Amino acid sequence: MIKNKKLIVANWKMNPTTLAEAKKLFEGIKKTASKVRNTQTVICPPSVYLSELKKFYFGHKIAFGAQDVFWEKDGPYTGEQSPEMIKDIGAKYVIIGHSERRERGETNEMVNKKVIASLKEGLNVILCIGEKVRDLQALYLKFLEEEIRSALLGAQKKNIHNLIIAYEPIWAIGKTADNAIFPHQMHEMYIFIKKIITGFYDKKLAFSVPILYGGSVESYNAELLLTQGEADGFLVGHNSLNSSKFGEILKIADNS
Ligand code: 13P
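Using UniProt numbering, the first residue of the sequence shown is number 1, and each one after it goes up by one.
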């Protein structure tokens, strides 16, 4: 992973609906991604498109990632793919523990197995955490702490340099900038997450772990989330499906 660069990750989720559209979207994003200097772009398409897209891109300005992974190396696990397989086709990143997967049954224990197996394989792990709602007693902070603690159980210190945390509050996903987090709230979360990781390892290591924000990122809120919010980058959902909107976010990140 390239440190000291903003990391802007496109999570295409289950879009677009054809390979032809995926190639067109990729070409559109490439135009801006190849020009920015201080920003690393990562594209996480549906895995069926991953090797096709990778096949015709040899540059280093865009890296590829998978949206999920399984923890076993090989065997009778229909529908799954291993960290080694993802790495073998040239992807460098993997999103783990996205709330849309947790909603459909992924547990903290499963997230932990995926994190450990992927870190061992040398993939950059984008670990997603996020609360459904914010309660007045701030119990959601305990919930987030547990998501981080359980995901990193047994992770070796030497592999933590490949860890990225994506803070994606569920209440802010799939909306508009007006419904997203405020920069001062992001700043609080940035400090909170660093403190927790410091507790598990040490301050120096904790401060080397990039913290991304995800949830209705658009050009309107991107700059302040990076400057005042101190986010090290973004995990972008629906606005990564529009190359000009995503390009705007890339340019803002590059100049922030
Ligand atoms: P949106 O950007 O569509 O809110 O999605 C965020 C997200 O879930 C990225 O992983």
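Even glycine gets a Cβ: it sits at the ideal position worked out from N, Cα and C.
From a predicted model like this one, the values you see are computed outputs, not experimental measurements.
Practice item. Report yes if the C-beta distance between glycine 237 and isoleucine 173 is below 8 Å; otherwise report no. Key: yes
Check your understanding: Can the beta-carbon of isoleucine 170 be found closer than 8 Å to that of glutamate 131?
Key -> yes
Exercise for review: Would you mind working out which of Asp88, Lys35, Arg149 sits nearest isoleucine 62, comparing C-alpha positions?
Suggested key: Lys35
Review point. How long is the line joining the alpha carbons of valine 217 and asparagine 4, rounded to whole angstroms?
Key: 21 Å
Point to revise | Where the alpha helix (DSSP H) containing alanine 253 begins and where it ends | key: 243 to 255
Review point. So alanine 231 packs on isoleucine 252, CB below 8 Å; how close in whole Å?
Key: With a Cβ gap of about 12 Å, alanine 231 and isoleucine 252 do not count as contacting.
Check your understanding: When you compare each of Asn108, Ile181, Asn242 to glutamine 228 by their alpha carbons, which one comes out closest?
Key -> Ile181
Exercise for review: Measuring alpha carbon to alpha carbon, tell me which of Leu7, Pro45, Glu52 ends up nearest alanine 33.
Suggested key: Leu7
Check your understanding: Comparing alpha-carbon positions, which option in Tyr190, Lys54, Met110 lies nearest leucine 93?
Key -> In the sequence on display, residue 93 carries tyrosine and not leucine. Nearest C-alpha to tyrosine 93: Lys54.
**Study point:** Between the CA atoms of leucine 136 and methionine 85 - distance to the nearest angstrom
**Key:** 44 Å
Exercise for review: Please name the residue or residues paired with threonine 41 in a DSSP beta bridge.
Suggested key: Ile8, Ile62
**Study point:** Check: valine 36 C-beta below 7 Å from any heavy atom of ligand 3
**Key:** Annotation note on ligand 3: not contained in the displayed structure, which lists ligand 1 as its ligands.
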